[in-house]
Amino acid sequence: MKQKNPVWTLLAVLLVASLALAACASPTATTVPPVDTEEPDETEPVVGDFDCTGVTAGDSVSMLYQWSGEEEAKLTAILQPWMEACGVTVNPESTRDQALLDTRVQAGTPPDVAFWNVPQLTQYKDQLVDMNTLGANAANYAGYWGDIGTIDGTWLGLPVKADPKTLIWYSPANFDAAGYTVPSTWAELDALVEQMVSDGNVPWSMGFESGDATGWTGTDFIQDILLVTQGPDYVNQIIAGEIAYNDAGVKEAYEIYGKWAMDPAYTVAGAEGTLSTGFNDAILKVFSDTPEAYMVKQSGFASGTLLGTYPDKVYGVDYDFFGVPGAQGLQGGSDWLMVFNDTPAVRSLIKYLSSDKGGEMWATIGFDLSPNAKGNQSYTSEEAAKKADLLANATGFTPDIGDSIPGGFGSAEFSGITDYVNGGDLDAILNTIADAQADAMVQ
Amino acid sequence: MAKAVTASVMKQKKGVPWLYLLPAIIVMTIFILYPMLNTVNLSFGNANGTASAATTCREGQPCWGIFENYRYALTNELNTTTIATTWESFWVSSYGNMIKWLLVMVTGSVGIGLIFAVMVDRIKQEALAKSIIFMPMAISFVGAGVIWKFVYNYGTSQVQTGILNAIITGLGFQPVSWLTGSPLNTFMLVVVGVWMWTGFCMTLLSSAIKSIPEEIIEASRIDGATNFEIFAKIQVPIIAPTIIVVITTMVINVLKLFDIVYVMTGGNYGTNVIATRMYTEMYTNAHYGRGTAIAVILILLIVPFIVMNIRRFTKQEAMR
Amino acid sequence: MTTAALSKPLPKKRSPRKPSNLGTSIGIAIILILWLVPTFGLLVTSFRPVALINTTGWWTALDVDNGPVSAQHPDPNAPYMEKLGTRFTIDNYVDALTGYRGTSTYRAACASDTKPLGMNCNITDLLNPRGMGRAFVNSVIVTVPSTIFPIFIALFAAYAFAWMDFKGRYAIFAILVGLQVVPIQMTLVPVLRMFAGLGMNGTFPAVWLFHTGFGLPYAIYMLRNSMSSLPKDLFESAYLDGANHWQVFSRIVLPLTMPAIASLAIFQFLWVWNDLLVSLVFLGGSKPVMTYQISNMVSSLGAGWHLLTAAAFLSMLLPMIVFFALQKYFVRGMMAGAVKG
Chain A
-14 MKQKNPVWTL LAVLLVASLA LAACASPTAT TVPPVDTEEP DETEPVVGDF DCTGVTAGDS
46 VSMLYQWSGE EEAKLTAILQ PWMEACGVTV NPESTRDQAL LDTRVQAGTP PDVAFWNVPQ
106 LTQYKDQLVD MNTLGANAAN YAGYWGDIGT IDGTWLGLPV KADPKTLIWY SPANFDAAGY
166 TVPSTWAELD ALVEQMVSDG NVPWSMGFES GDATGWTGTD FIQDILLVTQ GPDYVNQIIA
226 GEIAYNDAGV KEAYEIYGKW AMDPAYTVAG AEGTLSTGFN DAILKVFSDT PEAYMVKQSG
286 FASGTLLGTY PDKVYGVDYD FFGVPGAQGL QGGSDWLMVF NDTPAVRSLI KYLSSDKGGE
346 MWATIGFDLS PNAKGNQSYT SEEAAKKADL LANATGFTPD IGDSIPGGFG SAEFSGITDY
406 VNGGDLDAIL NTIADAQADA MVQ
Chain B
53 MAKAVTASVM KQKKGVPWLY LLPAIIVMTI FILYPMLNTV NLSFGNANGT ASAATTCREG
113 QPCWGIFENY RYALTNELNT TTIATTWESF WVSSYGNMIK WLLVMVTGSV GIGLIFAVMV
173 DRIKQEALAK SIIFMPMAIS FVGAGVIWKF VYNYGTSQVQ TGILNAIITG LGFQPVSWLT
233 GSPLNTFMLV VVGVWMWTGF CMTLLSSAIK SIPEEIIEAS RIDGATNFEI FAKIQVPIIA
293 PTIIVVITTM VINVLKLFDI VYVMTGGNYG TNVIATRMYT EMYTNAHYGR GTAIAVILIL
353 LIVPFIVMNI RRFTKQEAMR
Chain C
290 MTTAALSKPL PKKRSPRKPS NLGTSIGIAI ILILWLVPTF GLLVTSFRPV ALINTTGWWT
350 ALDVDNGPVS AQHPDPNAPY MEKLGTRFTI DNYVDALTGY RGTSTYRAAC ASDTKPLGMN
410 CNITDLLNPR GMGRAFVNSV IVTVPSTIFP IFIALFAAYA FAWMDFKGRY AIFAILVGLQ
470 VVPIQMTLVP VLRMFAGLGM NGTFPAVWLF HTGFGLPYAI YMLRNSMSSL PKDLFESAYL
530 DGANHWQVFS RIVLPLTMPA IASLAIFQFL WVWNDLLVSL VFLGGSKPVM TYQISNMVSS
590 LGAGWHLLTA AAFLSMLLPM IVFFALQKYF VRGMMAGAVK G
């Protein structure tokens, strides 16, 4: 009995302390508030390159995005000039958990804006605000961006970041040492691969492993092969459900891919290596001190990954890339800004990002590529400029098939290719995925 | 029977029990019961809850009307072309995996927890030993995912960064990709689960063992019983109610298990469990109808265990 | 359990340890090693620079000559200890504590005059909104009430189920046990809607209430089991002495269920401390908790996960302290002397 008292006292103290701290704790603004010493009043409508019409200093915009770490730092740097000019603070939240965005939207408390993926434009189309109402400048974006961002005739998404995937990374130093040259047609690429194999080298490094999205590097590769063999219109028709996934063209692409992905002569450790290597590790294998392969097909972020582990590598000497030869158009990942609440501060954000200044800032900071065409001349690194060129000259741009078809298609595609590399029956697998595709169209 | 039960509890003024119960009932109704009813309701709808599930039927495919989501939840993972394929696909479906998890993880964590609790009761550094077993619970699932990445990692070059493959290659064999080969991968994940949850079982069982009065143990030692006999014939029977509680709790935890699978394989390579499947349907595929149907099935799976527990309580009270 | 054995008053002392035989000690040692090795691997990894983590196994940490060229000591003939010094680093911990987000390390960035965005390169960076310092405080504010409230409410309810007689006690209890299995994702949207309607979004009480509601089923289940296993004679003597429910509850039952309460406190503390989704949904990113900061150390492409190794250990410290502190409730002899005559 006596023993109880100090315990209860301690508990009571802890409880009261927590409650007190909670009451006194002020919310942590994780961005630097603008230095604004004047009394809060309406900001000037136009401050330099920024259109701040209707914004009151101290307004805030709540944001939700998937970027964290260094990516978040880049976004903050891009938004900084706008925040200072218009006197807006940003309340950001960062999570890769789709559940959070979904819950907030369903419960009626969405963030003001969200930076998310293409399927969410369709998923939340009833809650999003038309970009035209918000004053976005459509002229700065190529036609295909508008196509992707328009759902049921309304322009709902502003593309802010693009990362082409149709690239093959290699080490010029290793190529030179072995006497290989960069291919410019698909036939040349095929011949180069055969050449490497007969020299006793392993051409490809592949890695599927990626948590619950395991397999996406494989489906990306399939889509790039389709861009070569069939073209972007074919891909877009698959996305629209007009061409079934078990079409002959798709099967051919899988067979081309399978020949490389499952054979230890063509890719590091064959099927097992493909399945169990992490997608980041696959990149590293081409550039390690004793490289295990000569090429890896990967998106633009690959350079960031390899510099993380091998910071001494030099672009152009130790690592470089070329577009998948023969691809008619590019496949790429893209991030989209979508708006749930129409406020003056949000409008000024939209106007900023779609303006010339916005495009330039994005390219200067170097947060991947900016779909905003005005950024094309502002890239600070040779590598980014080369990617931007590829994007600017692309005759078509297709988003990821798996990202674009709603419902269970994406995960069916990932499990499908994983099963295929694991030795499954291709026809059965393609039928299953086509089934998921048909199913998605009906829901 | 009824007389015996009521004799063991005291009669009291009407309404006193409700005084004790009301806060709990109110809170749980708001936070769990109401959402659960909402969930059941959604399980009869389509992807975003705007229409009945019957509208999602496709031509030429079997259709269960408003139970369409349940049909999907129960049969989608099965390949029903032949008996053999059905059997095979069942064992890598989320239901088959649940059976594997239940059998191995519950026996593993409760068994090891019990044996360890009994053994450590006798040594001096008990608190330290218990803390070591308990520590994995304190590491969040994200941390555990990283830890076991360093155990299971599969390296394709000469160098291995995962210790299990390092041991295997050290012995001269080829490295194994632990997490991609079914059905081994499910058991590798179960190992992680046992590693994390044994501390939980051990803590509860240890406190139960300590509540056995000292005299009984001493008396039997004097009578010449060995440690094993004391364990099997005295300790286990006395703490049997606690063991059953621990088993029930572990069954519930395993049924709900999500994080370990999600963090390590995402449910791929045939490691899917019910909770990861529910998550994938709800958030990745944005299909509320199917996600909630899976959740309802999960809730229904626990019913037999509840019935068993209630029966046991009734018997227990009759004996008091 | 005989009343005869219980009615002998015993002096309250710690029981003497049984002689442990060699077999037991070896068995315990093996289990302990198996349990420790994975965590130990992470501990070693958290002190290694990222270039080495990806390319060499942690058990080779003391081998100074393996790994990529860029991670080697510049002078191949340097003495072993000097080389060893370059193979370990506290940068992972420093970066985790300050919330550094760039591509190199906090110390390198500060030393090179390019101050990382939002940082001051002095001691105040420990309170950086992206670091672990502030998140630690928020985590404590979330966790302590979320542990105390459910246990408090559950104690009363468990006593009612265990020792009171009323209509429907089994039915209500059955529903309770069943509610344990409702997956948390199912409850988020309706509850969030309700909080939004009450204007409680983003506040600490919202999280406390949710954790209380969610923790109750299991708490009641466990406490009821512990309470109902107390011997009937305790209660009979008390009732004979004229005690009412409140007195029995507060003076007899509570002290005797301390081990169960302690176990429950540990588990609830742990679960809330390590939770991410609930805090994110109801509290938001403006009041980050430790799990949120940890999740943000890794970019969407997986860069920066070496910081996770350090962060995981930092966030493990307090729960382990709690576990140790509550160990003293797991002692024998609580029952002795409880029944007199």
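If you read the sequences in order, they're chains A, B and C.
Each residue of the first sequence is one higher than the one before, counting from -14 in this note's numbering.
Each residue of the second sequence is one higher than the one before, counting from 53 in this note's numbering.
Each residue of the third sequence is one higher than the one before, counting from 290 in this note's numbering.
Quick reminder that beta carbons are idealized off the backbone N, C-alpha and C, glycines included.
When burial is assigned at 16 or more other CB atoms within 10 Å of the CB, is A/Gln362 buried or exposed?
By the Cβ neighbour-count rule, A/Gln362 is exposed, with fewer than 16 other Cβ atoms within 10 Å of its own.
Can you pull the chain C neighbours of A/Gln91, defined as C-beta to C-beta under 9 angstroms?
In chain order: Leu477, Val478, Leu481 and Arg482.
Cα-Cα, which of C/Ile610, C/Leu572 and C/Leu606 is closest to C/Met499?
Just to set this straight, residue 499 of chain C is Phe in the shown sequence, not Met. Distances from the alpha-carbon of C/Phe499 to those of C/Ile610, C/Leu572 and C/Leu606 put C/Leu572 closest.
Our contact map puts A/Asp132 next to A/Lys110 with C-beta atoms below 8 angstroms; I'd like the distance itself, whole angstroms only.
Rounded, the Cβ-Cβ distance is 15 angstroms, inconsistent with contact.
So which residues on chain C does B/Leu306 lean against when the C-beta distance must stay under 9 angstroms?
Contrary to the premise, residue 306 of chain B reads as Val rather than Leu in this sequence. The contacting residues do not exist; B/Val306 stays about 11 angstroms from chain C at best.
Please report whether the beta-carbon of A/Thr13 lies at a distance below 8 angstroms from any beta-carbon of chain B.
Because A/Thr13 carries a pLDDT of 46, less than 50, the predicted location of this residue cannot be relied on, and no value is offered for it.
Between which two residues does the beta strand (DSSP E) harbouring A/Val74 extend?
The residue asked about is misnamed: residue 74 of chain A is Thr in this sequence, not Val. Unbroken beta strand (DSSP E) run through A/Thr74: Thr74 to Ser79.
Let me make sure I understand the geometry here. Which of B/Val144, B/Val242, B/Leu236 and B/Phe168 has the alpha-carbon closest to that of B/Leu257?
Of the listed residues, the one whose Cα sits closest to B/Leu257 is B/Phe168.
For B/Ile261 versus B/Gln287, is the C-beta distance shorter than 8 angstroms?
Yes. Within cutoff.
Using a cut-off of 7 angstroms between C-beta atoms, extract the partners of C/Val426 located in chain B.
None at all; the shortest Cβ gap to chain B is about 18 angstroms.
Test: B/Thr344 CB closer than 8 angstroms to a CB of chain A
Any Cβ of chain A closer than 8 angstroms to the Cβ of B/Thr344 would place that residue at the interface, and such an atom is absent.
Whose C-alpha, out of A/Thr290, A/Asp87, A/Ala42 and A/Val253, is nearest the C-alpha of A/Thr74?
When the alpha-carbon of A/Thr74 is set against those of A/Thr290, A/Asp87, A/Ala42 and A/Val253, the nearest one is in A/Ala42.
Taking the Cβ atom as the reference point for each residue, do A/Asp303 and C/Val358 lie within a distance shorter than 8 angstroms?
No; because the gap between Cβ atoms is not below 8 angstroms, this pair is not in contact.
Cβ atoms of A/Asp34 and A/Tyr155: under 8 angstroms apart, would you say?
A distance of 8 angstroms or more separates the beta carbons of A/Tyr155 and A/Asp34.
By the DSSP assignment, the beta strand (DSSP E) with A/Asp148 in it spans what residues?
In the DSSP annotation of this structure, the continuous segment of the beta strand (DSSP E) that includes A/Asp148 starts and ends at Leu143 to Pro149.
Taking just the CA atoms, how far does A/Gly392 sit from A/Asp228?
Per the sequence shown, the amino acid found at residue 228 of chain A is Ile instead of Asp. Going by the C-alpha atoms only, they are around 17 angstroms apart.
The ligand NAP heavy atoms versus the CB of B/Val298: any closer than 7 angstroms?
Looking at this structure, you won't find the ligand NAP or any other ligand, since it has none at all.
Is the CB of A/Leu49 under 8 angstroms away from at least one CB in chain B?
No Cβ of chain B is located within less than 8 angstroms of the beta carbon of A/Leu49.
Compare the Cα-Cα distances from C/Ser428 to each of C/Phe441, C/Val496 and C/Pro439 and report the closest residue.
Nearest in C-alpha terms to C/Ser428, of all of C/Phe441, C/Val496 and C/Pro439, is C/Val496.
With B/Ile354 as the anchor, note down where its alpha helix (DSSP H) starts and where it stops.
For B/Ile354, there is no enclosing alpha helix (DSSP H), since its DSSP letter is neither H nor E.
Quick one, which of C/Ile473, C/Lys456 and C/Gly420 has its alpha-carbon nearest A/Ala84's?
The candidate whose alpha carbon is nearest that of A/Ala84 is C/Ile473.
Take A/Ile414 as the anchor and find which of A/Glu398, A/Glu257 and A/Gly317 has the nearest alpha-carbon.
Among A/Glu398, A/Glu257 and A/Gly317, the Cα nearest to that of A/Ile414 is on A/Glu398.
Please list the terminal residues of the continuous alpha helix (DSSP H) segment that includes A/Ser340.
It is not in any alpha helix (DSSP H) - A/Ser340 carries neither H nor E in the DSSP assignment.
Could you tell me if A/Tyr337 is buried or exposed, where buried requires 16 or more neighbouring beta carbons within 10 angstroms of its beta carbon?
A/Tyr337 counts as buried, since no fewer than 16 other beta carbons sit within 10 angstroms of its beta carbon.
Out of C/His595, C/Ile317 and C/Thr313, which has the shortest C-alpha to C-alpha gap to B/Ser183?
Taking only the C-alpha atoms, the option nearest B/Ser183 is C/Ile317.
Where the alpha helix (DSSP H) containing A/Lys371 begins and where it ends:
Boundaries of the alpha helix (DSSP H) harbouring A/Lys371: Glu367 to Ala377, taken from the DSSP string.
Separation of C/Ala527 from B/Tyr147, as counted between CA atoms:
In a straight line, the C-alpha of B/Tyr147 is about 50 angstroms away from that of C/Ala527.
Simplified DSSP assignment, three categories, for C/Thr403
Three-state DSSP puts C/Thr403 in coil, outside helix and strand.
Give me the chain C residues within the contact set of B/Pro293, using Cβ-Cβ distance strictly less than 8 angstroms, ordered along the chain.
Taking the beta carbon of B/Pro293 as reference, the chain C residues within 8 angstroms of it are Asn514 and Ser518, listed in sequence order.
Using a threshold of 8 angstroms, state whether the C-beta atoms of B/Thr232 and A/Ser261 are closer than that.
Against a cut-off of 8 angstroms, the Cβ pair of A/Ser261 and B/Thr232 comes out as a contact.
If we define contact as Cβ-Cβ less than 8 angstroms, is C/Pro363 a contact residue for chain A?
No, C/Pro363 does not count as interfacial toward chain A.
By the DSSP assignment, the alpha helix (DSSP H) with A/Tyr129 in it spans what residues?
A/Tyr129 -> alpha helix (DSSP H) spans Gly128 to Gly134.
Quick one: using the 10 Å Cβ neighbour count with 16 as the cut-off for buried, is B/Ala370 buried or exposed?
That one is exposed.
Along chain C, in chain order, which residues have C-beta atoms closer than 7 angstroms to that of A/Asn76?
Contacts between A/Asn76 and chain C, judged by CB atoms closer than 7 angstroms, involve Ser575 in chain order.
If we count the other Cβ atoms within 10 Å of its Cβ and call it buried at 16 or more, is A/Pro30 buried or exposed?
Per the 10 Å Cβ criterion, exposed.
Euclidean distance between Cα positions of C/Ser604 and C/Thr580:
So the two alpha carbons sit approximately 8 angstroms from each other.
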